[in-house]
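Numbering follows numbering that gives the first Met the number 0, with no gaps: position 367 of the sequence shown is 366.
We treat Cβ as the ideally placed atom computed from N, Cα and C, and that holds for glycine.
Given the structure is predicted, the values throughout are model-derived calculations rather than measurements.
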Amino acid sequence: MNDAPRHDRWMHTTPRKSATFDDYAISEIRRAAATGIYDIRGGGTKRRLPNFDDLTFLGASMSRYPLEGYREKCTTNVTLGTRFAKKPIELDIPVTIAGMSFGSLSGQAKEALGRGATLAGTSTTTGDGGMTPEERGHSNKLVYQYLPSRYGMNLHDLRRADAIEIVVGQGAKPGGGGMLLGQKISARVAKMRDLPEGIDQRSACRHPDWTGCDDLEIKIEELRELTNWEKPIYLKIGASRPYYDTALAVKSGADVIVIDGMQGGTAATQEVFIEHVGIPTLAAIRPAVQALQDLGMHRKVQLIVSGGIRNGADVAKCLALGADAVSIGTAALIALGDNDPALEADYRALGTTAGAYDDWHEGLDPAGITTQDPVLASRLDPVAAGRRLANYLKVLTLEAQTLARACGKSALHNLEPEDLAALTIEAAAMAQVPLAGTRWVPGAL
Numbered sequence: 000m001n002d003a004p005r006h007d008r009w010m011h012t013t014p015r016k017s018a019t020f021d022d023y024a025i026s027e028i029r030r031a032a033a034t035g036i037y038d039i040r041g042g043g044t045k046r047r048l049p050n051f052d053d054l055t056f057l058g059a060s061m062s063r064y065p066l067e068g069y070r071e072k073c074t075t076n077v078t079l080g081t082r083f084a085k086k087p088i089e090l091d092i093p094v095t096i097a098g099m100s101f102g103s104l105s106g107q108a109k110e111a112l113g114r115g116a117t118l119a120g121t122s123t124t125t126g127d128g129g130m131t132p133e134e135r136g137h138s139n140k141l142v143y144q145y146l147p148s149r150y151g152m153n154l155h156d157l158r159r160a161d162a163i164e165i166v167v168g169q170g171a172k173p174g175g176g177g178m179l180l181g182q183k184i185s186a187r188v189a190k191m192r193d194l195p196e197g198i199d200q201r202s203a204c205r206h207p208d209w210t211g212c213d214d215l216e217i218k219i220e221e222l223r224e225l226t227n228w229e230k231p232i233y234l235k236i237g238a239s240r241p242y243y244d245t246a247l248a249v250k251s252g253a254d255v256i257v258i259d260g261m262q263g264g265t266a267a268t269q270e271v272f273i274e275h276v277g278i279p280t281l282a283a284i285r286p287a288v289q290a291l292q293d294l295g296m297h298r299k300v301q302l303i304v305s306g307g308i309r310n311g312a313d314v315a316k317c318l319a320l321g322a323d324a325v326s327i328g329t330a331a332l333i334a335l336g337d338n339d340p341a342l343e344a345d346y347r348a349l350g351t352t353a354g355a356y357d358d359w360h361e362g363l364d365p366a367g368i369t370t371q372d373p374v375l376a377s378r379l380d381p382v383a384a385g386r387r388l389a390n391y392l393k394v395l396t397l398e399a400q401t402l403a404r405a406c407g408k409s410a411l412h413n414l415e416p417e418d419l420a421a422l423t424i425e426a427a428a429m430a431q432v433p434l435a436g437t438r439w440v441p442g443a444l
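The following block contains the structure:
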């Protein structure tokens, strides 16, 4: 006779873990308890957010006429900075390279970004810390970032740039400054930034010489005078209040507005910032476009969208929602060779795995991209990496053209919200397009 306790025989259940206190949450509590410090990492938000995969294109069938891909053109060119600049930037494709600093990235990586962008007919951007000769030399179109830190900023480089991007905020950390730890402050980086070598550096979260759009308007005028009114002035904002921020950017006199969603990457900041500040890129586009339309400035002030752009479908959806161009950062690093599975043994030695490596601030990147270690940096061939980036940009463009032709458009910029439907209620509300199979736009009057 079985004398086992009743609950062992009939009431046994499978152990159940908490959805709130999942494995990652528990590991973070233990790490914080053991170290007493918050976690710093790069790479952007990792939790699932409403994104461009939640939208679908309504290709031509009976009520629309598609274009033949092999015989009918679909143009991709875009001009940025037409509002005030004497020399707007002419690009072959509506995909640009976002600002990533020398310091955060190796000199070889910055050169590769310039090479790839030039081969593809687009622009790249300096990032914090100034302009390197390799970057300027290999970038046909180079945007100079003007950040709160002013690291490496000088009038000579401002005038050598093709455009100036004033950075108010970044999507991964709107309202916060960046970090560059001492192990990446090499002698060259320290000299460019006028910092002590090997000492941790944290950038300011706001500009030191203006506090609002009236002051910013004066600063923009100053930059125009310094560059003889030739250079387009971009204004980059982290997505949080996109309607009002876009309206104020227009009032301040910007030629181009860059709006960066929370899926945008970062070299290093607190994880709590990355995961819990800002709004998704998908949610930022339509309010920004609406602000431009309300002011009669849509297409007169160009809008660039960044933050988690991965493929040609993402590009086409941004343009359909009203953007003039997109900007990529993390995807560009992956194209260069970041998180390459061929380096899996090296990633495992660092306690991670290919596809999950995000400790860019430590300067130990096996791919030679996010490092200042000369041995590691030498692993990256800037010529070969530049070709890979150019190939990737070519594919993004071809994919976007394919979708545009399927919707009957002879230019990427002819895509419009009417070409889209949403697959979730959240995406329908954020993108302000109907839920698929209905005419319902949540929240619309």
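Residues bridged to residue i by DSSP?
i    : result
V257 : K235, I303
D165 : Per the sequence shown, the amino acid found at residue 165 is Ile instead of Asp. Answer is Y145, L234.
Q200 : L179
Q269 : I39
E89  : T78
A189 : According to DSSP, which records beta bridges pairwise, A189 is partnered with nothing at all.
T123 : L141
F101 : L104
L434 : A421
A410 : T74
H275 : Partner(s): none; H275 has no beta bridge.
H297 : V300
Do residue i and residue j have their CB atoms nearer than 8 Å?
i    : j    : result
L320 : A430 : yes
G43  : G264 : yes
I303 : A238 : no
C73  : A410 : yes
Y143 : L157 : yes
V77  : L392 : no
G176 : C204 : yes
I219 : G252 : yes
T268 : I39  : yes
K183 : Q400 : no
L222 : I236 : no
L419 : L57  : yes
G260 : G307 : yes
E164 : V257 : yes
D53  : A426 : yes
Q301 : L141 : no
A330 : R309 : yes
S138 : G168 : no
G136 : S103 : no
H412 : M178 : no
T351 : T75  : no
Which stretch, first to last residue, makes up the beta strand (DSSP E) that contains residue i?
i    : result
S251 : Careful: S251 lies outside any beta strand (DSSP E), inside the alpha helix (DSSP H) at 241 to 251.
I445 : For the chain, the structure presents residues 0 to 444; residue 445 sits outside this window and is missing.
V94  : 94 to 96
L54  : 54 to 56
Return the first residue and the last residue of the alpha helix (DSSP H) that residue i is part of.
i    : result
L419 : Not the alpha helix (DSSP H): L419 falls in the beta strand (DSSP E), residues 419 to 421.
T396 : 381 to 405
V314 : 311 to 319
T280 : 280 to 293
T117 : 106 to 119
L215 : 212 to 225
D22  : 22 to 34
E425 : 424 to 430
D345 : 343 to 348
Q208 : One point to set straight first is that residue 208 is Asp, not Gln, in the sequence displayed. Counting along the chain, D208 falls outside any alpha helix (DSSP H), and DSSP gives it neither H nor E.
H155 : 154 to 159
A376 : 373 to 376
Using a Cβ-Cβ cutoff of less than 6 Å, which residues in the same chain neighbour residue i once the five nearest sequence positions on both sides are dropped?
i    : result
K408 : L414
K250 : C212
L247 : C212
A31  : none
N50  : L281
Spatial neighbours of residue i within its chain, please: C-beta separation below 7 Å, excluding the five flanking residues on both sides.
i    : result
A97  : T124, S305, S326, I327, G328
S105 : G367, I368, T370, Q371, A376, L379
Looking only at its chain, what residues have a beta carbon closer than 8 Å to the beta carbon of residue i, apart from the 5 residues adjacent to it on each side?
i    : result
K16  : D22
L404 : In the sequence under discussion, the amino acid at residue 404 is Arg, which differs from the Leu named in the question. Cβ neighbours of R404 beyond the five flanking positions: P65, L66, E67, G68, E71, C73.
**Report entry** Cβ contact check for the stretch 86 to 95 and the stretch 60 to 68: 3 or more pairs under 8 Å
**Finding:** no
Report task. Say whether the stretch 319 to 338 touches the stretch 283 to 294, bearing in mind that this needs 3 or more beta-carbon pairs closer than 8 Å, one atom from each stretch. Result -> yes
Query - Segment contact, 8 Å Cβ cut-off, at least three pairs: the stretch 189 to 206 with the stretch 150 to 157 - result: yes
Report task. Taking 8 Å as the threshold, find out whether the stretch 359 to 371 comes into contact with the stretch 341 to 350 through three or more Cβ pairs. Result -> yes
**Report entry** contact_flag[the stretch 377 to 394, the stretch 103 to 119] where n(CB pairs < 8 Å) is 3 or more
**Finding:** yes
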